[in-house]
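Trainee:
Chains as they are written, first to last, in my numbering: chain A, 1 to 130; chain B, 1 to 595.
1) Helix, strand or coil: how does DSSP classify residue 114 of chain B here?
2) Among A:13, A:74, A:19, which residue has its Cα nearest to the Cα of residue 58 of chain A?
3) Using DSSP with H/G/I as helix, E/B as strand and the rest coil, what is residue 270 of chain B?
4) Taking 8 Å as the CB-CB limit, is residue 67 of chain A close to chain D?
5) Is it the case that the region 206–214 of chain B contacts the region 119–127 of chain B, given that we only count it when at least three CB pairs across the two stretches are under 8 Å?
6) Which residue marks the beginning of the alpha helix (DSSP H) containing residue 585 of chain B, and which one marks its end?
7) With 16 other CB atoms within 10 Å as the buried threshold, where does residue 585 of chain B fall?
8) With 8 Å set as the bound, which would you pick, yes or no: does the beta-carbon of residue 11 of chain B sit closer than that to a beta-carbon of chain A?
9) Express the C-alpha separation of residue 87 of chain B and residue 100 of chain B in angstroms, rounding to a whole number.
10) Is there a C-beta anywhere in chain A that falls below 8 Å from the one on residue 147 of chain B?
11) Quick one: what does DSSP say residue 93 of chain B is sitting in, helix, strand or coil?
12) Run the CB neighbour count on residue 521 of chain B, radius 10 Å, all protein chains shown included, and call it buried at 16 or more, exposed below.
13) For chain A, find out if any of its Cβ atoms is closer than 8 Å to the Cβ of residue 50 of chain B; answer yes or no.
14) Taking a contact to mean a Cβ-Cβ separation below 8 Å, would you say residue 231 of chain B touches residue 274 of chain B in this structure?
15) Taking contact to mean 3 or more Cβ pairs, one atom from each stretch, closer than 8 Å, check whether the region 430–444 of chain B and the region 529–545 of chain B are in contact.
16) So, residue 58 of chain B versus residue 8 of chain B, is the Cβ gap smaller than 8 Å?
17) Looking at the unbroken alpha helix (DSSP H) that takes in residue 488 of chain B, where does it start and where does it end?
18) So what's residue 364 of chain B in DSSP terms, helix, strand or just coil?
19) For residue 61 of chain B, count neighbouring C-beta atoms within 10 Å of its own C-beta (all shown protein chains included) and say buried if the count is 16 or more, exposed if not.
20) State yes or no: is the beta carbon of residue 13 of chain A nearer than 8 Å to at least one beta carbon in chain B?
21) Would you identify the three-state DSSP class for residue 499 of chain B, choosing helix, strand or coil?
22) With burial defined as no fewer than 16 other Cβ atoms inside 10 Å of the residue's Cβ, what is the status of residue 588 of chain B: buried or exposed?
23) Less than 8 Å separating the beta-carbons of residue 392 of chain B and residue 376 of chain B?
24) So what's residue 62 of chain B in DSSP terms, helix, strand or just coil?
25) Which residue comes first and which comes last in the beta strand (DSSP E) that contains residue 320 of chain B?
26) Counting only beta-carbon separations shorter than 8 Å, does residue 270 of chain B have a partner in chain A?
27) Rounded to a whole number of angstroms, what is the C-alpha to C-alpha distance between residue 68 of chain B and residue 55 of chain B?
28) On the three-state DSSP scale, how would you describe residue 67 of chain A?
29) Under a CB-based cut-off of 8 Å, is residue 164 of chain B close to chain A?
30) Comparing alpha-carbon positions, which option in B:511, B:480, B:169, B:258 lies nearest residue 523 of chain B?
31) Does any residue of chain B have a CB that is nearer than 8 Å to the CB of residue 120 of chain A?
32) Please list, in chain order, all residues of the same chain as residue 217 of chain B whose beta carbon is under 6 Å from its beta carbon, the five residues on each side excluded.
33) Is it a yes or a no for the region 452–462 of chain B touching the region 500–513 of chain B, going by three-plus beta-carbon pairs under 8 Å?
34) Check whether the Cβ atoms of residue 598 of chain B and residue 436 of chain B lie closer than 8 Å to each other.
35) Would you mind sorting residue 64 of chain A into buried or exposed? The rule is 16 or more other CB atoms within 10 Å of its CB.
36) Check residue 601 of chain B in the structure and name its three-state DSSP category.
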């Protein structure tokens with residue numbers, strides 16, 4: 001790389017900052033959890049996961065954590081995705097293809113509106129938490 | 001393509017010696033084999049600090065903290081965690097306190113820490129300048145080059161209250177200001193990375209984990225005091241730190257952050273590495289400067305101070321690694337932010353290398369004013385094997401011991417000095433009831449006597465004499481008179497030695513004499529060593545009524561001096577015994593006694 005000017009350094013920092021922020025966990029209050037068990041992957045969860053990551057990048061959302069988990073038990077409705085965010089109920093969506101993933105980011109996360117035709121359940125109580 | 005997961009593998013020296021390099025390589029091959037190379041980024045970071053449990057692998061975004069990972073475990077982590085999303089439970093850190101698989105923020109080791117100096121250690125890849133830049137790296141330099149005047153920079157340091165972290169605690173702004181005001185050129189910037197205390201590795205880890213923070217700070221100092229040349233003096237025994245500094249300097253030069261006309265500001269600055277051969281005295285600033293000049297590393301009387309006549313008789317700012325690592329943060333966040341942390345006279349944080357008889361040995365950074373108890377018990381997890389705490393040595397061979405009754409003292413420069421120890425560069429060695437204080441004093445003094453450069457008599461002769469007395473005591477041949485003489489010699493060395501090495505060398509002896517005089521007297525009056533360490537004062541024997549004749553001690557004895565028939569009491573031949581204590585530690589029936 002060639003020598004930089006002040007402007008170039010600032011630009012480089014901004015772009016690298018966004019890359020590194022994805023590794024960060026603190027300050028992220030929205031969670032997208034994608035079921036990535038065999039059933040989910042067979043139903044296309046990998047594409048769904050990529051769709052989430054790409055859409056978050058396109059929307060420049062840095063406070064969202066995308067995690068993977070195992071089977072949620074709804075193998076008939078894979079890929080399943082759980083969304084947790086402040087101000088909205090915790091929701092599990094079913095049959096989330098890449099298109100629906102984009103919809104979830106735009107409507108649920110940004111617009112705070114539920115996507116009714118994909119709502120499957122709310123998460124079971126976590127017995128590990130007290 | 002965005003990454004779905006991140007694997008951070010510790011690349012500090014401690015973890016590398018436990019094959020973290022191989023772990024890193026195995027992750028890359030396994031990810032490739034699993035076909036998810038594109039989805040997972042593997043990053044080799046600096047030290048996580050939790051060296052006791054190394055090698056450490058952290059997987060994000062799930063925040064799984066894997067400890068004591070073997071190279072062969074990479075396959076399982078990839079297959080289970082990264083492909084199927086199931087954590088490998090057997091490798092997760094289990095908190096002693098809850099017995100639950102802990103996330104990083106739940107681990108007690110990290111809870112009381114506050115990381116300024118180590119802000120990037122274990123977070124970024126130290127061999128990639130882009131990751132440093134992404135964490136606001138070189139943003140402080142921008143500010144100094146384009147927005148602040150040199151006086152403003154010095155004023156910010158003054159507000160921050162930052163004091164030298166090498167040990168003496170001299171206000172950093174004053175040092176810079178002296179050098180700035182001297183009307184002479186050229187001026188030099190020097191980084192003291194000649195860390196040599198036994199058991200201390202704060203500076204090494206800082207450089208290994210975040211080399212650019214040092215470079216950025218040195219450039220800032222150059223601009224502030226009007227210097228265009230910096231030297232980093234680092235010992236050749238730190239190959240990984242040197243390697244990462246080399247890479248960092250190269251990358252900074254490529255991006256125009258070092259060299260001519262930095263960022264188009266018209267300011268030039270260059271940094272060169274100078275490798276030391278590992279003499280402890282070269283950590284003393286005047287000896288260090290002599291060594292850079294190619295002279296023998298020997299201290300010179302001060303004044304003149306390096307600020308006025310330093311490297312090649314020119315004004316020089318010399319600071320320690322940890323001091324430098326604080327500078328960019330102070331410039332970015334402001335001196336007032338920094339001054340909010342710590343105690344009235346000691347601001348900010350301090351990094352300690354916690355070693356010895358402690359459960360969680362490792363690298364910790366805590367705000368000034370944290371108590372020794374918090375560091376040793378809350379962060380360090382207490383003493384190994386449930387033994388009793390006896391003392392902690394701060395400041396390495398230049399410091400002294402602090403006993404249990406002072407555990408609640410808030411740590412700062414003044415408090416440690418009042419207790420007869422020093423802050424030092426940050427080594428903290430914990431001792432338990434099995435440690436003999438005469439033996440400890442002998443160990444530290446032996447080190448400084450070996451490392452004394454021999455230039456001044458108080459250190460050269462005094463140190464040797466003190467060591468002879470200690471030797472006499474540990475052999476049970478001393479008298480009470482000798483203690484008086486030791487105190488005299490020690491105090492004379494403190495007053496008359498030329499440099500810090502000689503002035504502080506008697507500290508371990510004087511402080512153990514103050515706090516553990518009874519133990520010295522036991523060696524002298526009763527010819528016994530209460531801790532059972534001094535070999536000339538102890539004997540091992542077998543109680544016939546307790547010995548069942550299992551023969552374990554006889555099999556373990558390295559010199560075969562234990563004999564006896566099966567199921568009959570055994571005996572130790574004292575003339576052949578080397579007093580290694582093996583029989584004592586293996587006997588399950590308490591039949592072997594030490595006196």
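Ideal placement from N, C-alpha and C gives every residue a C-beta, glycine not left out.
Mentor: On the basis of the coordinates in this document:
1) Numbered from 1 along the second chain, position 114 holds the residue referred to as residue 114 of chain B. Here residue 114 of chain B sits in coil by DSSP.
2) Here residue 58 of chain A corresponds to residue number 58 of the first chain, with the count starting at 1. Answer by Cα proximity: A:19.
3) Here the question's residue 270 of chain B lines up with position 270 in the second chain. Reduced to three states, the DSSP call for residue 270 of chain B is strand.
4) In the structure shown, chain D cannot be found, because the protein chains are A and B.
5) yes
6) Looking up residue 585 of chain B in the second chain gives position 585. Segment 582–586, the alpha helix (DSSP H) holding residue 585 of chain B.
7) Indexing the second chain from 1 puts residue 585 of chain B at position 585. Exposed is the call here.
8) Within the second chain, the letter at position 11 stands for residue 11 of chain B. Cβ-Cβ to chain A under 8 Å: no for residue 11 of chain B.
9) What you label residue 100 of chain B is simply residue 100 of the second chain in a count that begins at 1. What you label residue 87 of chain B is simply residue 87 of the second chain in a count that begins at 1. Because residue 100 of chain B carries a pLDDT of 48, less than 50, the predicted location of this residue cannot be relied on, and no value is offered for it.
10) Residue mapping note: residue 147 of chain B aligns to position 147 of the second chain, counting from 1. By this cut-off, residue 147 of chain B is not an interface position.
11) Locating residue 93 of chain B in the second chain gives position 93, counting from the first residue. Note: residue 93 of chain B maps to coil in three-state DSSP.
12) One-based indexing of the second chain puts residue 521 of chain B at position 521. Burial call: exposed.
13) Within the second chain, numbered from 1, the residue matching residue 50 of chain B stands at position 50. By this cut-off, residue 50 of chain B is not an interface position.
14) Position 231 of the second chain, counting from 1, holds the residue named residue 231 of chain B. Position 274 of the second chain, counting from 1, holds the residue named residue 274 of chain B. Yes. Within cutoff.
15) yes
16) As a working note, residue 58 of chain B is residue 58 in the second chain. As a working note, residue 8 of chain B is residue 8 in the second chain. Contact: yes.
17) By one-based count along the second chain, residue 488 of chain B stands at place 488. Looking at the DSSP string, the run of the alpha helix (DSSP H) that includes residue 488 of chain B is 480–496.
18) The residue you call residue 364 of chain B lines up with position 364 of the second chain. Looking at residue 364 of chain B - three-state DSSP - the assignment turns out to be strand.
19) The residue labelled residue 61 of chain B in the question sits at position 61 within the second chain. Per the 10 Å Cβ criterion, buried.
20) Here residue 13 of chain A corresponds to residue number 13 of the first chain, with the count starting at 1. By this cut-off, residue 13 of chain A is an interface position.
21) As a position in the second chain, residue 499 of chain B is number 499, starting the count at 1. Three-state DSSP puts residue 499 of chain B in coil, outside helix and strand.
22) On the second chain, position 588 is the one that residue 588 of chain B refers to. By the neighbour-count rule (16 or more Cβ atoms within 10 Å), residue 588 of chain B is not buried but exposed.
23) Taking the first residue of the second chain as 1, we reach residue 392 of chain B at position 392. Taking the first residue of the second chain as 1, we reach residue 376 of chain B at position 376. Going by C-beta atoms, residue 392 of chain B is nearer than 8 Å to residue 376 of chain B.
24) Numbered from its first residue, the second chain carries residue 62 of chain B at position 62. Of the three classes helix, strand and coil, the one that applies to residue 62 of chain B here is coil, per DSSP.
25) One-based indexing of the second chain puts residue 320 of chain B at position 320. That run of the beta strand (DSSP E) goes 316–320.
26) Position 270 of the second chain, counted from the first residue, corresponds to residue 270 of chain B. False, the Cβ-Cβ gap to chain A never drops below 8 Å.
27) Locating residue 68 of chain B in the second chain gives position 68, counting from the first residue. Locating residue 55 of chain B in the second chain gives position 55, counting from the first residue. Taking the straight line from one Cα to the other gives about 5 Å.
28) By one-based count along the first chain, residue 67 of chain A stands at place 67. Residue state, collapsed to three classes: strand.
29) By 1-based counting over the second chain, the position of residue 164 of chain B is 164. Not one chain A Cβ lies under 8 Å of residue 164 of chain B.
30) Along the second chain, read from residue 1 onward, the residue named residue 523 of chain B stands at position 523. Cα-wise, what sits closest to residue 523 of chain B is B:480.
31) What you label residue 120 of chain A is simply residue 120 of the first chain in a count that begins at 1. Taking Cβ atoms only, chain B never reaches closer than 8 Å to residue 120 of chain A, which makes this a no.
32) Here the question's residue 217 of chain B lines up with position 217 in the second chain. Cβ neighbours of residue 217 of chain B beyond the five flanking positions: 324, 327, 328.
33) yes
34) Residue numbering for chain B in the displayed model covers 1 to 595; residue 598 of chain B lies beyond these limits and cannot be assessed.
35) Walking along the first chain from the start, residue 64 of chain A turns up at place 64. Answer is buried; the Cβ neighbour count reaches 16.
36) This structure leaves residue 601 of chain B out entirely; chain B is present only between 1 and 595.
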